[in-house]
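Working notes, structure below.
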Amino acid sequence: MTPRAVPDTPDIDFAGLSPLLALLAGAVIVLMVGLLRSRAAREHGVPFLAFSALATSLGLTIWQLDTTKPLIAGALQIDGLGTVLNLLFVGAGMATVLLSWRALAPRESAHGEFYALLLTSIAGMLVLAWSTNLVTVFLGLELLSIPLYVLCATEMRRASSLESGLKYLIVGSLGSAVFLYGLALIYGATGSTDFSGIAAANSSGDLSSDVLMLTGIGLCVVGLCFKASVAPFHQWTPDVYQGAPTPVTAFMAVATKAAAFGVFLRLFDVALIDSSLTWAPMLAALAAITIIVGNVGALGQSSLKRMLAYSSVAQAGYMLAGVVVTSELGVRATVFYLAVYLVMNLAAFAVIIARERETIHGDDIAAVEGLGVSRPVLATVMTISMLALAGIPATGGFIGKFFLISATVDGNYAWLGVVIVIGSMISLGYYLKVIAAMWMRGAPDRTTSTAVSAGPRPALAGGSDEAAALEDAELPKAHWEVVAVGVVCAVLIVAAGVVPQPLFDLVQRCGDAFTNLV
Amino acid sequence: MNVPLSILLWLPASAAVLGLLIPGRATARMLALLGSAGALGLAVSYVLDFDRGADGLQFVTDETWIRTLGISYKLGIDGINLFLILLTTILFTASVLWAAGQSWEREKLFYFHMGIAQTAVLGALLAQDLALFVVFFDLMLIPFFFLTGMYGPAATRIAAVTKLVIYTLVGSLLMLAAAIATAVLAASQNGTELSFAFSDLQLARLASGSQDWIFLCFAAAFLVKMPMFPLHGWMPDGYRNMPLPVLAVFSGVLSKVAAYGFLRVCLPIFPDASAHFQTLMLIIALVSILYGSVMAFTTTQTRLILGYSSVAQLGFITLGIFALNEQGAQGAVLQAFNHGLVVAPAFFLVGLLAARAGGSEDIREMGGIARKAPVIAVLFLIVAFANLAMPGSANFVGEFYILLGVFDAKLAIAVIAFTGVAMAAVYTLRLFIRTMHNRVGPHVQSTELTLADALVLVPLVLAIVALALYPQLVLSKGEKSITAAIAPARDIADPPPPAAALPVQIDPATGQPVDPNLPPNPSGGAVPIDPNTGLPADSTGGQIPIDPNTGQPIEPATGGTVTDDPSSAAPVDPQTGLPIDPQTGLPIDPATGQPTDPSAAQEVPTP
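Sequence lines, in order, name chains A and B.
In our numbering, each number is its position in the first sequence, counted from 1, plus 16.
In our numbering, each number is its position in the second sequence, counted from 1, plus 56.
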């Protein structure tokens with residue numbers, strides 16, 4: 017027997033890979049610099065380098081904006097969807113670096129490790145968004161998840177942070193295992209790991225009643241629902257979000273969600289599109305359950321991070337509706353909503369982080385009471401974010417929901433559009449609570465105390481006097497970069513609500529990843 | 057040439073933003089006054105320039121806003137919104153003037169929200185695109201959320217305002233879903249580009265099954281905002297907690313936007329559903345009149361008396377709209393304008409009375425205020441007479457038209473509605489007598505109107521008097537647009553009888569004469585007959601079964617939902633006018649049903 021020929025080395029497109037390479041190189045450099053003795057280099061040099069790596073990646077992504085080509089012999093593919101999602105990941109990463117620059121978490125763990133893990137996680141998301149093969153999907157998913165398990169536990173002296181990391185590890189691993197099983201079964205049913213191969217096998221043979229295929233799809237849905245915190249697989253979300261260091265929570269809330277929906281779109285709208293009759297009704301039901309469960313769960317929360325966790329569950333439900341309709345309109349609506357969702361949540365988390373550093377209330381809703389008087393800029397940012405999350409006009413959140421609902425109606429899922437609307441109604445109950453706390457509570461005492469600077473504080477009804485006194489006892493004002501992230505995001509939210517056309521043009525590019533959609 | 061409508065629309069908001077940014081409390085107040093007065097000046101100029109004889113919209117601005125979603129920034133004025141715009145600018149100017157005389161905590165924010173509120177209300181009235189209308193309609197609520205929540209009584213305001221916002225946004229969000237569905241279904245049904253412009257949506261008549269649920273969503277939004285009887289739960293709390301200048305515009309204008317929504321959106325775009333639900337809407341309106349009136353003469357809070365009286369008055373307006381004929385709709389538009397003009401000075405008077413009754417707004421604590429304040433008494437009497445629709449007032453004309461319209465449409469409902477007119481006299485006179493005359497209240501200090509108060513109140517009362525003298529102004533300028541707006545629904549509810557005038561029509565398909573007494577259309581009323589063909593004009597009306605899951609009509613042949621399939625309409629050969637066979641690309645001979653070859657036909661030798 018002739019020895020088998022050494023296979024050709026795969027054709028690697030380094031230009032296309034460059035955004036990913038920038039991130040990985042950045043992770044290595046950051047890890048090294050983190051070992052330096054100089055305190056300034058560790059505390060300020062490392063975040064700066066991490067930020068630069070992300071900025072480089074952003075630049076390279078924009079350079080590749082209109083490229084559509086396979087990378088590494090078809091295992092990855094750079095296309096509109098991957099590029100737009102990459103912009104989101106890198107944007108979220110840059111905001112996270114700014115938010116954690118002078119935060120507690122990197123100081124308690126180690127600066128180098130913290131930022132290197134962050135960069136690796138973003139690299140994993142990028143792989144995920146580009147992948148057109150079951151193997152690379154799983155690779156990306158693990159590359160994204162494992163650093164996050166560690167990041168959740170970086171505030172090492174706080175038990176709840178460690179608990180959060182452990183919980184996330186256990187639940188995340190379960191999700192990954194289920195997902196992997198599903199991928200294996202799909203491979204077994206179709207004989208291909210490549211998305212186009214799966215799609216071809218799916219459209220030629222009749223796999224709609226194939227037990228292997230159906231089980232595979234079901235397990236994939238369950239695994240991805242764990243990652244995207246879709247009900248009923250969402251129970252870990254509030255605990256993990258609340259326990260993790262807030263900058264990490266912000267990152268998880270926005271970037272992980274975007275990555276998970278990237279896979280949802282690719283796997284279901286490309287590879288499994290021809291069996292959509294089997295999975296679309298299932299996903300539609302999950303979306304409806306998620307919207308209701310998330311919004312109802314958020315109602316009773318007094319911790320802002322828990323509230324945003326449930327709100328992110330609900331938002332996952334809205335976005336799932338865009339996957340269900342299996343149309344290009346649905347894809348674009350989902351990606352549009354992801355973009356808006358990112359800035360809405362970052363704005364809210366920036367304010368929470370600012371108030372965590374300024375008050376003793378942590379992330380409790382008491383931390384923002386009377387904010388309209390004491391810190392009008394922060395209060396405005398939070399107000400815009402809450403109104404946008406609730407879907408009030410003149411914000412990006414409204415346009416995003418508008419787009420999603422029109423996609424559902426267009427895809428003959430009008431009832432799902434109505435569920436989205438009902439979810440928004442419920443959500444008003446908790447978003448308005450935050451706005452009311454900022455503008456309508458606790459205000460009178462502060463005004464008098466600033467207007468009458470000398471003299472005793474007037475007695476109050478309600479008894480938040482002592483807390484307010486403690487609060488005023490000069491904790492330092494939040495750092496400028498945190499406020500800046502909030503303000504930039506708030507401006508973007510309003511911009512997306514008033515002149516949304518540029519964002520529409522951007523998400524238009526996602527369409528080229530989907531060849532057999534309407 | 058006229059100033060673009062965008063300036064009218066954005067003037068109050070830009071004044072508000074400037075006032076917030078430029079330091080100094082007085083600047084915010086002055087800018088707010090300038091902004092609202094400037095808008096009033098512009099609105100007056102539009103009223104003067106409005107051409108009553110022209111069809112359709114005037115002073116139109118039409119730009120693309122969001123291309124991808126087919127949303128345009130289209131503004132325009134016609135006879136329906138002309139006077140509501142004037143009303144909005146009058147009331148906001150009066151209200152800002154009134155507020156300027158008081159001191160407010162966080163004053164800059166107060167005027168900021170007032171300015172935004174005015175722009176949002178004007179936007180909802182001016183918008184000629186359904187999505188733009190929804191945007192402004194929802195946005196309208198947010199400044200009032202802040203105005204109530206920040207300036208109301210501290211103990212109850214947050215609960216009250218949360219209730220108010222959730223109630224109204226529940227309706228508004230349903231409307232959002234319905235609006236999107238309207239445009240998407242219209243585009244897919246007719247194979248046109250997605251467009252939300254009212255003019256396009258009116259042409260695309262939806263299948264009546266879709267119309268029904270969409271109409272109900274819109275109606276929910278409007279009925280909550282008005283508010284109408286079963287959906288008025290937020291009203292007492294909301295009214296109790298709003299500062300009076302805010303309440304004057306809220307009650308005077310926002311409820312009218314809802315009534316306007318029926319005339320602008322529901323009747324023209326969903327005529328079949330409007331006719332179908334006519335009786336339901338009339339009954340809701342009727343119950344609101346009776347309930348509002350009874351509550352108004354049993355409660356003792358002056359604010360709530362006016363609040364419940366508004367419920368009753370808006371009942372009349374709704375009654376007029378759903379009479380689905382010209383008189384009713386004209387009366388409704390006139391009455392909307394009247395009620396706004398009456399209710400704003402009434403709330404102002406409540407403020408004056410409360411100041412003279414030791415701060416209490418309860419009529420049991422008032423009484424005898426007229427003793428040393430004859431001018432207030434006279435002004436109040438004029439407002440009261442207008443509110444109870446005294447003959448000679450414009451309200452009388454409005455209610456007369458409305459009842460005339462309902463009389464034509466549904467006699468029984470008109471008869472019961474007449475009692476509402478009598479009850480209006482009871483509760484209005486009770487309010488007047490218990491506050492102005494009667495036994496002097498325990499803490500009442502009767503003092504005359506001050507000059508600053510007169511500056512706000514007298515022009516409003518003069519406006520009422522002027523309108524009483526010349527109501528024709530509103531009626532004549534509105535006539536044409538109102539007739540056009542209600543025509544589609546009127547023709548369904550009360551079809552013109554062309555069949556009797558024409559000779560018996562032969563159905564070309566069956567060769568049988570067409571029975572003029574067609575069975576009534578399940579969507580309400582008989583199917584109108586097309587005078588050319590003698591066939592029912594709306595052959596799809598109410599006949600297509602509706603898929604309960606999607607709300608889409610089901611095509612009987614396929615069992616699937618009706619989708620727009622451009623290939624299903626056979627293309628027509630431009631030369632012969634014959635349909636083209638899709639397989640061969642040749643025209644089909646109607647006689648043989650076979651594709652014909654035109655070249656072969658020409659080669660037939662002539663003998």
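Beta carbons: idealized from backbone N, C-alpha and C, even for Gly.
Item	Value
7 Å CB neighbourhood of alanine 69(B) in its chain, flanking five on each side removed	Gly171, Ile172, Thr175
Below-8 Å beta-carbon distance, phenylalanine 211(A) vs any chain B residue	no
Contacting positions in the stretch 508-520 of chain A - beta carbon closer than 7 Å to chain B	Pro516, Gln517, Phe520
Simplified DSSP assignment, three categories, for alanine 89(A)	coil
For alanine 404(A) and arginine 356(A), the rounded distance between their alpha carbons	The amino acid occupying residue 356(A) in the given sequence is valine; arginine does not appear at that position. Spanning the two alpha carbons is a distance of roughly 9 Å.
Length-filtered (4 minimum) alpha helix (DSSP H) runs lying within the stretch 329-385 of chain B	334-352, 358-377
Selection of the stretch 201-217 of chain B by Cβ proximity to chain A, strictly under 8 Å	Phe201, Phe202, Gly205, Met206, Ala210, Arg213, Ile214, Val217
Residue-level contact to chain A via CB, leucine 230(B), 8 Å cutoff	yes
Counted within 10 angstroms of its Cβ, other Cβ atoms place valine 471(B) as buried (16 or more) or exposed	exposed
Beta strand (DSSP E) runs wholly inside the stretch 377-402 of chain A, at least 3 long, in chain order	none
Three-state class that DSSP yields for phenylalanine 115(B) in the structure shown	strand
Limits of the beta strand (DSSP E) - the one that glycine 132(B) falls within	127-133
Which of helix, strand or coil DSSP assigns to asparagine 494(B)	coil
For cysteine 241(A), the first and last residue of its enclosing alpha helix (DSSP H)	227-244
Distance between beta carbons of leucine 387(A) and methionine 402(A), contact taken as under 8 Å	Not confirmed; about 12 Å, so no contact.
Neighbourhood of asparagine 494(B) by C-beta, 7 Å cutoff - its chain only, sequence neighbours within 5 removed	Gly423, Gly424
Validate contact between the stretch 383-396 of chain B and the stretch 451-463 of chain B using beta carbons, cut 8 Å, 3 pairs	yes
Assigned secondary structure, threonine 120(B) (DSSP; H/G/I helix, E/B strand, else coil)	strand
Identity of the residue in Thr206(A), Asp222(A), Phe242(A) nearest leucine 157(A) by Cα	Phe242(A)
Contacting residues, own chain, Cβ-Cβ under 6 Å from tyrosine 257(A) (five flanking each side not counted)	Thr265, Lys321, Ala325
Residues from the stretch 170-199 of chain B in contact with chain A, defined by Cβ distance under 7 Å	Val191, Asp194, Leu195, Ile198
The stretch 214-226 of chain B / the stretch 434-447 of chain A touching (three or more Cβ pairs under 8 Å)	yes
Buried versus exposed, by CB contacts within 10 Å (16 or more), arginine 490(B)	buried
Three-pair Cβ contact test at 8 Å for the stretch 427-438 of chain A versus the stretch 354-372 of chain A	no
Chain-ordered residues of the stretch 424-450 of chain A with a beta carbon less than 7 Å from chain B	Val425, Asp426, Asn428, Ala430, Trp431, Gly433, Val434, Val437, Ser440, Met441, Leu444, Gly445, Leu448
Lysine 449(A), buried or exposed, once every other Cβ within 10 Å from all chains shown has been counted against 16	buried
For alanine 276(A): DSSP bridge partner residues	Answer is none; alanine 276(A) lacks a bridge partner.
Own chain partners of tryptophan 66(B) with C-beta closer than 7 Å, once the 5 adjacent residues on each side are dropped	Thr175
Helix, strand or coil at isoleucine 94(A) [DSSP, three-state]	strand
Of the listed residues Ala237(B), Val406(B), Pro209(B), Val313(B), nearest to glutamine 267(B) (C-alpha basis)	Ala237(B)
Near-chain B residues of the stretch 411-422 of chain A - C-beta to any C-beta below 9 Å	Phe414, Ile415, Lys417, Phe418, Phe419, Ile421, Ser422
Separation of alanine 410(B) from leucine 299(A), as counted between CA atoms	59 Å
Rounded Cβ spacing between alanine 524(B) and alanine 450(B) (contact assumed at less than 8 Å)	5 Å
Residues of the stretch 115-137 of chain B with Cβ closer than 7 Å to any Cβ of chain A, in chain order	Ile122, Arg123, Thr124, Leu125
Coil, strand or helix - serine 318(A) by DSSP	coil
Nearest-angstrom Cα separation, counted from alanine 108(A) out to leucine 74(A)	11 Å
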